[in-house]
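J.: In the working numbering, the protein residues as written are 6 to 604.
Glycine residues also receive a C-beta, built at the ideal position from the N, C-alpha and C atoms.
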Amino acid sequence: MSMYSRDIVEAIKDRSDIVDLIGGYVSLKRAGSNYNGLCPFHSEKTPSFTVFPDNQSFFCFGCEAGGDAFTFIMRTENLDYKGAIEFLAKRGGVELPADSREERRGVSRKRVFEMNLIAARFWRECLFDPNIGRVGMEYLTEKRGLPLSIIRRFGIGYAPNDFNALTTVLTREGFTPEEIKEAFLGTISQKNGRVYDLFRDRVMFPVIDNTGNVIAFSGRDVGGHDNRKYVNSSDTPAFQKRRNLFALNFAKNHCAEQLILCEGNIDVVSLHAAGFENAVASLGTALTDEQARIMAKYTKQVVLAYDSDEAGQRAAHRAMGIFAKVGLDVRILQMQGAKDPDEYIKKFGAERFRQLIKNSRTGFEFKLQSVLAQYNLDIPDEKIKAAAELCAIIARVYSSAEREVYIHAVADRLGLREDSLRKDVESAMRRNAKAGKQQESQQARLSAMGIRDKVNPEAAGNIRAAAAEETILGLLLLYAEHRKAVRDGVVPLTRDSFVTAFHRNAFTVIMTLEESDGGFDFSLMGEYFTVEEMGRLARLEQTRRALSENGTTVLRAAIDTLAAAKERQNVKEAAPADRIQMILAGKRKNINRGSDDDP
Ligand SMILES: [Zn+2]
6 MSMYSRDIVE AIKDRSDIVD LIGGYVSLKR AGSNYNGLCP FHSEKTPSFT
56 VFPDNQSFFC FGCEAGGDAF TFIMRTENLD YKGAIEFLAK RGGVELPADS
106 REERRGVSRK RVFEMNLIAA RFWRECLFDP NIGRVGMEYL TEKRGLPLSI
156 IRRFGIGYAP NDFNALTTVL TREGFTPEEI KEAFLGTISQ KNGRVYDLFR
206 DRVMFPVIDN TGNVIAFSGR DVGGHDNRKY VNSSDTPAFQ KRRNLFALNF
256 AKNHCAEQLI LCEGNIDVVS LHAAGFENAV ASLGTALTDE QARIMAKYTK
306 QVVLAYDSDE AGQRAAHRAM GIFAKVGLDV RILQMQGAKD PDEYIKKFGA
356 ERFRQLIKNS RTGFEFKLQS VLAQYNLDIP DEKIKAAAEL CAIIARVYSS
406 AEREVYIHAV ADRLGLREDS LRKDVESAMR RNAKAGKQQE SQQARLSAMG
456 IRDKVNPEAA GNIRAAAAEE TILGLLLLYA EHRKAVRDGV VPLTRDSFVT
506 AFHRNAFTVI MTLEESDGGF DFSLMGEYFT VEEMGRLARL EQTRRALSEN
556 GTTVLRAAID TLAAAKERQN VKEAAPADRI QMILAGKRKN INRGSDDDP
């Protein structure tokens, strides 16, 4: 069985927003920052099915169905993991390699770099040729007000309104129509088999990697011949959209403290022109996990300068969740009187923009404001609801110092007393803790009563150990810092620490993925576990998420409990190599594949 690579899985996930996807099957209602609906997997009258946009997951508190987009499709469409990948690829327009050998064939990276360099030079000449590039130059200098120095620095060009301009040059240089097509610079005509230019009448922004190779292009329509404003290179042997950022090659030397993430290339170019050399953009895709990981390598803080419209704000919400996963501090820019950074700087100048960055809101302030916007605070009843929703959010914050800051902010905004809010937060925390414990003890009770736990049958005979294992796995699923602690041997935890086979397998897969190049990703677990098992893993994650105490102390305590329980029961000798270990032995290569060209 050949399985799809991590790149394919992640590319599909990037294009399968969980709220959109599940919204097509279940009627969802917004509830705070999540969505609720009636569970499609068991019959119920009050909704216990929840969709979490921040980590792109779903969970039913009634029947323990849970997981990600792939698990959802496996259940609803009754497919296996591979089938779900194919289903969502089709839905998201992601092309799957017909077979892994075919993937290898075709044009080499080196040839694509060569073609791209020729194209970049050719288009730049066109831009500076007044007979050809006037429309492009007018757009850049007059409409966008960019100085020539910046246009030169970014290597911006102009693709003429001509079907054969670039392809003639490339053909003369000895490149075949197939190569030109694979580099996403040309298209082959169905009618006569000839190759013609793919970018026409567009201002061309080259995407350059950290070693100076031109890896792709982003073309902005200027002639109004095409209703697509931007056309970006698709993935080629030299370029993967979801793993690159526009202008990172320039920004990387100016961003130790902070990166500014914009939606559009033109925003980035105007920010650089105004002296903000730490601006980058994702390339016509929603922010991906991979891009967030790359940014985390270069900086401590990201300022989101997304468009001020509703789509931009929704994208900002989603991005916050992604950055939280890689541990980056996020600020959100609030622009008033302009729709994007480019317009803002034109209207108000660079100094005001600098102020705007200084005053950018923290993730919590952003959430605070989006909650408040849903209520009419003049009506006492609505104000109470808003306060309750905010207290529930604060109750899930990990650090008590941070909670205090937020309580202060909410008290201030709603004109309520801090100590009464604090009481509400504390009781929400107690409720969460109780619910978590109840869930744990319910499972234990069922086990004690001899009711078979189908997912983890060994739990019944090892109640204390299994409960500790659940805590440990929940923490590992949720937090990169805990996975790192295990990986670096900071906490004493290995495969052999586990008592039950299901939990041991889960641990092995989590840590194997963690140690692979791209890092851990819940979606990649789908290859190793059934939907029922995925639902259980989603529950472990969900249970931990509801609790606010998730620090290293909790992890260490659970490891100690597990060790003590294991000792007491004097558990049978180490288990023989099992299913998961055997799959993994043949899989390590696959997990690691395709992650060798980070910029
Ligand atoms: Zn359900």
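Classify Leu-151 as helix, strand or coil using the three-state DSSP reduction.
T.: coil
J.: Can you grab the Cα-Cα spacing for the pair Ser-287 / Lys-571, in whole Å?
T.: 48 Å
J.: Look at the alpha carbon of Asp-22 and the alpha carbon of Glu-532, and state the distance between them as a whole number of angstroms.
T.: 20 Å
J.: Arg-158: which of Ala-416, Arg-126, Arg-225, Leu-361 sits nearest, CA to CA?
T.: Arg-126
J.: Can you check which of these residues, Asp-345, Val-14, Leu-333, is closest to Gly-269 by C-alpha distance?
T.: Asp-345
J.: What does DSSP give as the partner residues of Leu-309 in its beta bridges?
T.: Leu-266, Ile-337
J.: Considering only residues of the same chain and omitting the five flanking positions on each side of Ala-329, which have a CB-CB separation below 8 Å?
T.: Asp-59, Val-335, Gly-368
J.: Note down, one range per segment and in chain order, each beta strand (DSSP E) of at least 3 residues found wholly within the segment 125-193.
T.: Whole beta strand (DSSP E) segments, 3+ residues: 162-164, 191-193.
J.: Using CA atoms only, rank isn't needed, just tell me which of Leu-153, Cys-260, Ser-405 is closest to Val-274.
T.: Leu-153
J.: Can you tell me whether Cys-68 is helix, strand or coil according to DSSP?
T.: Residue state, collapsed to three classes: coil.
J.: Measure from the alpha carbon of Ser-239 to the alpha carbon of each residue in Gly-289, Phe-255, Arg-233, then state which is nearest.
T.: Gly-289
J.: Residues around ligand 1, please: the ones whose beta-carbon is closer than 6 Å to some heavy atom of it, in chain order.
T.: This criterion selects Cys-44, Phe-46, His-47, Phe-54, Cys-65, Gly-67, Cys-68, Ala-70.
J.: Under 6 Å Cβ to Cβ from Glu-100, same chain only, skipping five residues before and after it: list those, please.
T.: none
J.: Quick one: any contact between the segment 32-47 and the segment 86-93, if contact means 3 or more CB pairs under 8 Å?
T.: Contact between the segment 32-47 and the segment 86-93 is not established, with fewer than three Cβ pairs separated by less than 8 Å.
J.: Does the beta-carbon of Thr-216 have 16 or more other beta-carbons within 10 angstroms, so that it is buried, or is it exposed?
T.: That one is exposed.
J.: Can you tell me the Cβ-Cβ gap for Lys-246 and Tyr-303, rounded? I've got them flagged as a contact below 8 Å.
T.: The Cβ separation is near 19 Å, so there is no contact.
J.: Could you give the DSSP three-state label for Val-219: helix, strand or coil?
T.: strand
J.: Below 7 Å CB to CB, which residues in the same chain sit around Asp-312 once its five sequence neighbours on both sides are set aside?
T.: If we look at Asp-312 and ignore the five residues flanking it on each side, its Cβ neighbours are Glu-268, Lys-344, Asp-345.
J.: Could you spell out where the alpha helix (DSSP H) holding Asp-202 opens and where it closes?
T.: Where Asp-202 is concerned, there is no enclosing alpha helix (DSSP H), although the beta strand (DSSP E) it sits in stretches over 200-202.
J.: By alpha-carbon positions, which one of Val-495, Met-530, Asp-522 ends up nearest to Phe-512?
T.: Met-530
J.: Any contact between the segment 185-200 and the segment 111-131? By contact I mean 3 or more CB pairs, one from each, below 8 Å.
T.: Cβ pair count under 8 Å is three or more, so yes.
J.: To the nearest angstrom, how far is the alpha carbon of Asp-565 from that of Thr-499?
T.: 13 Å
J.: Do you know whose CA, among Ala-563, Lys-459, Asp-429, lies nearest Gly-479's CA?
T.: Ala-563
J.: Can we say the segment 139-154 touches the segment 170-180, given the rule of at least three CB pairs closer than 8 Å?
T.: no
J.: According to DSSP, is Val-430 helix, strand or coil?
T.: Three-state DSSP puts Val-430 in a helix.
J.: Name the two residues that bound the continuous alpha helix (DSSP H) containing Ala-261.
T.: Looking at the DSSP string, Ala-261 is not in any alpha helix (DSSP H), and its letter there is neither H nor E.
J.: Taking the beta strand (DSSP E) that Val-14 falls in, what are its first and last residues?
T.: Unbroken run through Val-14 is the alpha helix (DSSP H), 11-19; no beta strand (DSSP E).
J.: Quick check: what's the CA-CA separation for Thr-535 versus Arg-357?
T.: 54 Å
J.: Please list the terminal residues of the continuous beta strand (DSSP E) segment that includes Tyr-40.
T.: Boundaries of the beta strand (DSSP E) harbouring Tyr-40: 39-42, taken from the DSSP string.
J.: When you compare each of Cys-260, Ala-391, Phe-77, Thr-241 to Ser-38 by their alpha carbons, which one comes out closest?
T.: Ala-391
J.: Residues bridged to Tyr-235 by DSSP?
T.: Tyr-235 is bridged to Arg-225.
J.: To the nearest angstrom, how far is the alpha carbon of Thr-558 from that of Ile-327?
T.: 25 Å
J.: What does DSSP give as the partner residue(s) for Val-285 in the beta ladder?
T.: Answer is Leu-266.
J.: Taking contact to mean at least 3 C-beta pairs separated by less than 8 Å, is the segment 48-58 in contact with the segment 517-531?
T.: No, because fewer than three Cβ pairs between the segment 48-58 and the segment 517-531 fall closer than 8 Å, the two stretches do not touch.
J.: If you compare alpha carbons, which of Ala-261, Ile-271, Asn-169, Gly-98 is closest to Ala-301?
T.: Ala-261
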